[in-house]
Amino acid sequence: MVSFGEELASRIGATQRTLEADGARPLEGTAQAIRRKRAIRQGTTAGVAAIAAVAIAGGGTVAARRALDAQPAAYYLPPGGGEVLISVDGPNPTIPDIGIECGDPAPEPVLADDGYRVEVSVAESDDPFYAEYSYFEGTAKVFNENLEEFPAFVMQPDLVVVKDGAVVGVVPSTGLDNRLFFTPGRDMLPELFGASHWPACGGTAADDDRLPPGDYEVYVVTTVANSPEIAALSRMSLSTIGGTPWFDEDPWLEPNDWECRHMIADGVEHTAGEGAWYGSSSAACLPAQNPRAQWMPESRSLKLAYSDGIVRRVFETHLVAGPFAHTISEPSDGPFPVYEPWTVPPDAPLEQCGADLGGPADPSGVEFVSSDVTVARLRSGEDLEGWMAVPFGPGEVESRVARVITAADAPAIITIQGDVYSEVYGGWLPTSDIVGTASVTINGGDDVTVSRALGPARALVAVENIRWCTEAPIEGVVTLTVLGSQTISSEAGTSSADVYVIRAGHLE
Amino acid sequence: VARWQGFYDELATTRYSAVLAYAMALTGQRATAEDLVQEALVKVFSSPRRLASAAHAESYVRRAIATLYVDDARRAALFDRTARRMGWGEEPLADAPGEPADELEGALARLSPQVRTCVVLRFYEDLTAPQIAERLGIATGTVKRYLHEASTDLRRDLGVDADPDGGDSIAVVSHSERRR
Numbered sequence: 139m140v141s142f143g144e145e146l147a148s149r150i151g152a153t154q155r156t157l158e159a160d161g162a163r164p165l166e167g168t169a170q171a172i173r174r175k176r177a178i179r180q181g182t183t184a185g186v187a188a189i190a191a192v193a194i195a196g197g198g199t200v201a202a203r204r205a206l207d208a209q210p211a212a213y214y215l216p217p218g219g220g221e222v223l224i225s226v227d228g229p230n231p232t233i234p235d236i237g238i239e240c241g242d243p244a245p246e247p248v249l250a251d252d253g254y255r256v257e258v259s260v261a262e263s264d265d266p267f268y269a270e271y272s273y274f275e276g277t278a279k280v281f282n283e284n285l286e287e288f289p290a291f292v293m294q295p296d297l298v299v300v301k302d303g304a305v306v307g308v309v310p311s312t313g314l315d316n317r318l319f320f321t322p323g324r325d326m327l328p329e330l331f332g333a334s335h336w337p338a339c340g341g342t343a344a345d346d347d348r349l350p351p352g353d354y355e356v357y358v359v360t361t362v363a364n365s366p367e368i369a370a371l372s373r374m375s376l377s378t379i380g381g382t383p384w385f386d387e388d389p390w391l392e393p394n395d396w397e398c399r400h401m402i403a404d405g406v407e408h409t410a411g412e413g414a415w416y417g418s419s420s421a422a423c424l425p426a427q428n429p430r431a432q433w434m435p436e437s438r439s440l441k442l443a444y445s446d447g448i449v450r451r452v453f454e455t456h457l458v459a460g461p462f463a464h465t466i467s468e469p470s471d472g473p474f475p476v477y478e479p480w481t482v483p484p485d486a487p488l489e490q491c492g493a494d495l496g497g498p499a500d501p502s503g504v505e506f507v508s509s510d511v512t513v514a515r516l517r518s519g520e521d522l523e524g525w526m527a528v529p530f531g532p533g534e535v536e537s538r539v540a541r542v543i544t545a546a547d548a549p550a551i552i553t554i555q556g557d558v559y560s561e562v563y564g565g566w567l568p569t570s571d572i573v574g575t576a577s578v579t580i581n582g583g584d585d586v587t588v589s590r591a592l593g594p595a596r597a598l599v600a601v602e603n604i605r606w607c608t609e610a611p612i613e614g615v616v617t618l619t620v621l622g623s624q625t626i627s628s629e630a631g632t633s634s635a636d637v638y639v640i641r642a643g644h645l646e
Numbered sequence: 813v814a815r816w817q818g819f820y821d822e823l824a825t826t827r828y829s830a831v832l833a834y835a836m837a838l839t840g841q842r843a844t845a846e847d848l849v850q851e852a853l854v855k856v857f858s859s860p861r862r863l864a865s866a867a868h869a870e871s872y873v874r875r876a877i878a879t880l881y882v883d884d885a886r887r888a889a890l891f892d893r894t895a896r897r898m899g900w901g902e903e904p905l906a907d908a909p910g911e912p913a914d915e916l917e918g919a920l921a922r923l924s925p926q927v928r929t930c931v932v933l934r935f936y937e938d939l940t941a942p943q944i945a946e947r948l949g950i951a952t953g954t955v956k957r958y959l960h961e962a963s964t965d966l967r968r969d970l971g972v973d974a975d976p977d978g979g980d981s982i983a984v985v986s987h988s989e990r991r992r
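Sequence order for the protein chains is A and B.
Residue numbers for the first sequence follow the working numbering, beginning at 139 and rising by one.
Residue numbers for the second sequence follow the working numbering, beginning at 813 and rising by one.
Written out as structure tokens, the structure reads:
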């Protein structure tokens, strides 16, 4: 039984999403009316008050009428269809069971079945990186020759490893790829695959369970399928941040929190429903993300709706390509090569103009982005407007509100993004090339309060005492690495970092 | 850019839908809610109050929405202005676009504006009766009377149970449960 308060909140949340999808904005003339009223209050332009009143009454008619006809966003489920109940502790229905187990004989190739066909190509490269890291990658192109059957969902391939005619390991599919379903006029889908870690039968991700070095055969098993569960989860994933809703427990999250609809990745804000994102989601977000999804805490299950029109036929077809020869090498001594942190002593950056700063080894703390972090803006001497996002959640800041305290007049290093060719990596790596120094003060030295409900908080960044390596024009993506303390304080406690980064980014 | 303008732009861009949805919970109609929000925005951002952030401003805008809506004289003017803006002429609002979509919306629509506002503040904002009274500038006893009226009406219209003095005890009951 849903309480009245929950029902009311759910409806207000649903209305909000519809309005957001419609791009609702204040009526025309609102900002002008405010300006005029402020001016009147300050005794400067009293004569325009009457005009303001007309603007309020007459403005915005077209926008408001258009909005009355607004439809919900496309990712909402259409009416009709049924419901499925899925336990979040059970098997993920979008991960196929290909029916191949360790010890089985090598699978027979099945390049076409049930109206579907696959063409697999495996990358061949002399690049030492491939050999050193046992890297195997390629593309499975799946063709739908059932001209009337859509959608049908394509899963990430399983990679079956065979030695001496018997299966000795499987790199399992990660399941549904939300971008990949057949629709009218889209009868070929390319599914990329790749692996560098090769677990032995019964093994785990631990190194000891890896297949021993040697020559193997790999079969690429691509699954095309549909079912009410897959259909429901696919639609769900299009309306959530975290892809298919396999949850993190996050008791501090509430349904309408900013995080339920947004995420920041690489300095850019992404909004639910505008792309498939793979990460965690939370049961708490369900009502906000999809009003037709229900979290059943007693059974730890999801009740999800699906449309009849999406499931024309329940089926699972496995297409098998191979064998492809593959050599697994001795495990490398380290993880994938990355550029070393702090390749330049941070206390002497101007002596190292043009050198790669690297970066802090653990850039923990707030995500701080600003679209104002450009060379031109820094040279103008104006304050920058930035946005601070605190990493809330289990194991992070376990609270709903946090204060961010930053040191005033903290030294900062200005870098631009460059790249360098790495013989070890066999490709281009990003660098942070030093172009200057400065001192940074956030919000005049005042704290910044960030709440989960509202999301990132606005903060002004004063960048002073700038010393450039060169007065010549500089082009590139700018980053400010601030060598000053940053403390996040909440009811759950306090955490600090000695370094934080203000990166060029964009929030909607 | 003036300080208030930055906060206004932020609120208009990122939080307007939330604020408008809140106003729609009170008015039941988008057009009147848009006018109500506009009035609240103008009231808050043109006041001499110093705003610390967009979130700070939003809290005041939400307060203003509720108080403006329960103000009889303002509400009459609001409806009149909205009707003119939307070209509804002299038609009663019941005939305007936005008829209640279901039983719950219908039941809310039948509550008086004051009662409906108290219901939203109690069950959506989770305010206590004294807090609602402070927010709306009315007596606590009046709030309790409104919530009691609401519980009576909602029980009649939706078959729900209610306790205006207690917590969130109004429960939504489905048709099938009610028939049992």
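Built from N, CA and C at the ideal position, the CB exists for glycine as well.
Predicted, not measured: the structure shown is a model, and the values here were computed from it.
Interface partners of A/Ala707 on chain B, CB under 7 angstroms | With chain A represented from 139 up to 646, any question about residue 707 of chain A goes unanswered, as that position is not in the structure.
Can you name the residues of chain B whose CB is closer than 9 angstroms to the CB of A/Phe530?
-> Residues of chain B passing the Cβ test: none, with the nearest at roughly 16 angstroms.
Per DSSP, the bridge partner or partners of A/Asp252 | DSSP output for A/Asp252 lists no bridge partner at all.
Note down, in chain order, each residue of its chain lying with its Cβ closer than 8 angstroms to the Cβ of A/Ile554, except the 5 sequence neighbours on either side.
-> Val513, Ser570, Asp571, Val573, Ile612, Glu613, Gly614, Val615, Val616, Thr617
Identify the residues that DSSP records as bridge partners of B/His960: which are they?
-> In DSSP, B/His960 forms no bridge with anything.
Where A/Arg155 and A/Ser365 are concerned, what is the direct C-alpha to C-alpha distance, given to the nearest angstrom?
-> 28 angstroms
Selection from A/Ser628, A/Ala545, A/His456, A/Ser577 that minimises the alpha carbon distance to A/Asp252 | A/His456
CB contact flag (A/Val305, A/Ile238, <9 angstroms) | yes
How would you label A/Pro350, buried or exposed, when you count the other beta carbons within 10 angstroms and need 16 or more for buried?
-> exposed
Listed in chain order, which residues of the region 931-944 of chain B have Cβ atoms closer than 9 angstroms to some Cβ of chain A?
-> Residues of the region 931-944 of chain B with a C-beta atom less than 9 angstroms from some C-beta of chain A are Val931, Val932, Arg934, Phe935, Tyr936, Asp938, listed in chain order.
Does the beta-carbon of A/Asp296 have 16 or more other beta-carbons within 10 angstroms, so that it is buried, or is it exposed?
-> buried
Hey, out of A/Cys240, A/Gly161, A/Glu367, whose CA is closest to A/Asn230's CA?
-> A/Glu367
Does any C-beta atom of chain A lie closer than 9 angstroms to the C-beta of B/Ser924?
-> No, its Cβ sits nowhere closer than 9 angstroms to a Cβ of chain A.
From B/Arg957, B/Asp821, B/Leu863, B/Leu832, pick the residue whose C-alpha is nearest to that of B/Gly874; which is it?
-> According to the sequence displayed, residue 874 of chain B carries Arg and not Gly. B/Arg874 has its Cα closest to that of B/Leu832, out of B/Arg957, B/Asp821, B/Leu863, B/Leu832.
Just curious, the alpha helix (DSSP H) that B/His868 is in, first and last residue?
-> Here the alpha helix (DSSP H) through B/His868 covers 866-882.
Endpoints, the beta strand (DSSP E) within which A/Trp433 is located | 432-434
Could you please give me the residues that DSSP links to A/Leu442 through a beta bridge?
-> A/Val222
Is any beta-carbon of chain B found at less than 9 angstroms from that of A/Arg149?
-> yes
By DSSP, does A/Gly582 sit in helix, in strand, or in coil?
-> helix
Kindly indicate which three-state DSSP category A/Ile368 falls into: helix, strand or coil?
-> Taken through DSSP and simplified to helix, strand or coil, A/Ile368 comes out as helix.
Cβ-Cβ distance between A/Leu648 and A/Pro549 below 9 angstroms | Any answer about residue 648 of chain A is impossible in this case: the structure gives chain A only from 139 up to 646.
Does the beta-carbon of A/Asn581 have 16 or more other beta-carbons within 10 angstroms, so that it is buried, or is it exposed?
-> buried
Assign B/Ser829 to one of three DSSP states: helix, strand, or coil.
-> helix
Counting pairs of beta carbons, one from the region 922-941 of chain B and one from the region 844-860 of chain B, are three or more of them closer than 8 angstroms?
-> Counting Cβ pairs under 8 angstroms, fewer than three are found: no touch.
In terms of residue numbering, what span does the alpha helix (DSSP H) encompassing B/Pro942 cover?
-> For B/Pro942, the enclosing alpha helix (DSSP H) has its first and last residue at 941-948.
Boundaries (first-last residue) of the alpha helix (DSSP H) holding A/Ile150 | 142-159
How many Å lie between B/Gln943 and B/Thr964 at the Cα?
-> 22 angstroms
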